[in-house]
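Undergrad: In my numbering, the protein residues as written are 2 to 700. Even for Gly, the Cβ is constructed at its ideal location relative to N, Cα and C. One structure, pasted below without further comment.
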């Protein structure tokens, strides 16, 4: 028996030794791979220590010989021919590996977060026709699997695919449309190495030692909570998804990221160029790096997106051999994943065609250069005007100027041969200009080649984010709300009662005051005579129903009842961007039915209630809303019965249901019919749907 086990041990050991000694290749080297043309392309792998490895390529009929080191690693480089193929590559030691259908052309590394990860199958403009017509065998794609690691990894598990209608649904959409443009213009193979992870931060794509050595970068611990579910730990995706790819020869890199760094946009000014440099250091040469400027989106904090866009614009100056595709005109301010990926890929391709492949074509929209005073006006000069400037429509709110008080106002715009001339009667001595410098600005400035200008500001004034909190407490004695405000380190607070943004000369808050009618309060902090970018808005709603007794006939969900039974009649509106705001009361899978007692029978002209729709959070409008009135709480008369079709609309919005009446009312009953479960086309199909309601108004 012992001899039997000993024999099995020897056989197992021999098998292990043969396996260890066998020549092996990284996953990047496989059938259908694309090698960079006209290059000394690195080849590497593993074998037995000191083993001799031979490589033959069908394009040169030469025998390339290299030797493994004592750690069983080997590396060599082979001169590749001009674009062409298919070729065969044979690698031999004790075993033989044959790589079939190898193409030689242009290889691009494609990385970033969700907008780079977004596939054709995920949902793009004209999805069905784009997939059906994707017969582009010159485009090859390899998807690097998601992974994170504390230490640099040597290999990944993946394989190359040839583009076809059957395979393209899993390709990065931006990368695919980039490659399609290249193959149509150059008629050569294009290889896409796709390595991205939605939600990832730039810190994760940068070596850990760089992050930890910089005090500002090291603040990532306070920026991302422990519950953050996407990669943010320094170096984690760099180690697992970038390091194993080097030194595979590439023509350049494409990058679409920045949304996850809106919380530290000013730090991103330095972090992004440092990340680019770290990748170039890893590969050992300064390859072109073309990236997408993030699109307009309704971020919660003012200027978060604009400051990342600015950091990306400044990277053009900070990092050599970079280019930026501007997307201010093809985004969706309510969707962080715009569906127009075609133009994104094409605009990246313009940079590559012009810079890498010497095509004499326009590739960049107007880039801010400088400003100069002309009397009481201010002139803006641009690079890449390409025959001049044009405004595609009238959007005066995009163009703003300021004087020494740093308070920006809308400007009159005049297009001239060599730039823009801006002015305002309110600013006799302008010193600064801003164009489309907000989170949601959709640009209208182009050069004659139809390429959009990047947002910019001529100033570099500090951005102040002091907050103001507004509290309202109902006082039955005064039949109104007592309003109080607190500033977050502000020198003073200014406010308005008409919904307009307060300025430096607006009413100064000096203490609590009473509001006895429906009012929109907007407040800002002032620090060192500069207005905060943050505005706090509070709608105070007063009606005959405010703080009157309310009976909930169908219990609301515990999770969505944090405001108690007064939520629907407390004069406070729910936040459209926050389904967890306690000012929303919710019914999960159930219908809503409530009754408000106005105390005495009285004349009413209007009854209304507001519902939220945020299908991304499983919140749908009711399929029907019924408003009824009564004077005795027994006999109710329907004054509104409104059906609501359920349509696919992912934009968060509210809808007000109003009954115009002129009758005596004491009791108001509101019923809302829940659709029950999320519809089949929704990602939560079959799950319970939510109804979220806020203020009931009787006027």
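1) With DSSP as the reference, label residue 12 as helix, strand or coil.
2) Is residue 27 near the ligand SAH, in the sense that its beta carbon is under 8 Å from a heavy atom of that ligand?
3) With DSSP as the reference, identify every bridge partner of residue 73, one or two as the case may be.
4) Which residues does DSSP pair with residue 698 in a beta bridge?
5) With distances taken between CB atoms, is the gap from residue 43 to residue 77 smaller than 9 Å?
6) For residue 630, which residues does DSSP report across the bridge?
7) Checking 9 Å against the spacing of the C-beta atoms, do residue 446 and residue 454 come in under that value?
8) My assumption, with CB atoms under 8 Å, is that residue 268 sits in contact with residue 441. Please give the rounded CB distance.
9) Output the distance between the C-alpha atoms of residue 504 and residue 489, rounded to the nearest integer angstrom.
10) From residue 155 to residue 196, what does the alpha carbon distance come to, in whole angstroms?
11) Cutting at 6 Å between CB atoms, please list the residues of its own chain near residue 594, excluding the five before and the five after it.
12) Among 477, 602 and 118, whose alpha-carbon lies nearest the alpha-carbon of residue 340?
13) Under 8 Å, with one C-beta from each stretch per pair, do the stretch 137 to 148 and the stretch 185 to 205 reach the 3-pair mark?
14) Which runs of the alpha helix (DSSP H) fall wholly inside the stretch 84 to 153 and span at least 4 residues, in chain order?
15) Under 8 Å by Cβ, that's how I've got residue 507 and residue 491 pegged, so tell me the actual separation to the nearest angstrom.
16) Suppose you measure from the CA of residue 618 to the CA of residue 336; what does that come to, to the nearest Å?
17) Roughly how many angstroms lie between the CA atoms of residue 474 and residue 580, to the nearest whole one?
18) Would you check if the distance between the CB atom of residue 38 and the CB atom of residue 260 is smaller than 9 Å?
19) Under 8 Å by Cβ, that's how I've got residue 385 and residue 366 pegged, so tell me the actual separation to the nearest angstrom.
20) Quick check on the burial criterion: 16 or more other C-beta atoms within 10 angstroms. Buried or exposed for residue 5?
21) Taking the alpha helix (DSSP H) that residue 231 falls in, what are its first and last residues?
22) In this structure, how does DSSP classify residue 358 when only helix, strand and coil are distinguished?
23) At what residues does the alpha helix (DSSP H) containing residue 413 begin and finish?
24) Have a look at 171, 273 and 559 and flag the residue whose alpha-carbon is nearest the alpha-carbon of residue 205.
25) Is the beta carbon of residue 662 sitting closer than 9 Å to the one on residue 643?
26) Taking CB distances under 9 Å as the criterion, tell me whether residue 336 reaches chain B.
27) Checking the sheet assignment: what are the DSSP bridge partners for residue 43?
28) Does residue 213 come out as helix, strand or coil in the three-state DSSP assignment?
29) Going by Cα to Cα distance, which pick from 557, 325 and 687 is closest to residue 456?
30) Going by the CB atoms, is the gap between residue 551 and residue 482 shorter than 9 Å?
31) How is residue 325 classed by DSSP in three states: helix, strand or coil?
32) By the DSSP assignment, the beta strand (DSSP E) with residue 553 in it spans what residues?
33) For residue 458, does the three-state DSSP call read helix, strand or coil?
34) Which term fits residue 502, buried or exposed, when burial requires 16 or more other beta carbons within 10 angstroms of its beta carbon?
35) Could you spell out the range, first to last residue, of the alpha helix (DSSP H) harbouring residue 277?
36) If you draw a straight line from the C-alpha of residue 381 to the C-alpha of residue 428, how long is it?
TA: The structure says:
1) With a pLDDT of only 38 at residue 12, under 50, the local geometry of the prediction cannot be trusted, and the value read off the model is given with reservation. It is helical.
2) With respect to the ligand SAH, the structure shown offers nothing to examine, as it has no ligands at all.
3) Bridge partners of residue 73: none, in fact.
4) 609
5) yes
6) 638 and 669
7) yes
8) Residue 268 to residue 441, Cβ: 23 Å. No contact.
9) 18 Å
10) 15 Å
11) 554, 555 and 672
12) 118
13) yes
14) 115 to 118 and 128 to 133
15) That belief does not hold up - the Cβ atoms of residue 507 and residue 491 are roughly 13 Å apart, past 8 Å.
16) 14 Å
17) 23 Å
18) no
19) 6 Å
20) Confidence at residue 5 is low in this model, with a pLDDT of 40, below 50, so the placement of that residue is unreliable and no value is reported for it.
21) Segment: none, residue 231 is in no alpha helix (DSSP H) and carries neither H nor E.
22) coil
23) Note, residue 413: premise wrong, no alpha helix (DSSP H); beta strand (DSSP E) at 413 to 417.
24) 273
25) no
26) The structure shown contains no chain B, having only a single protein chain.
27) 78
28) helix
29) 325
30) no
31) strand
32) 551 to 553
33) strand
34) exposed
35) 266 to 284
36) 16 Å
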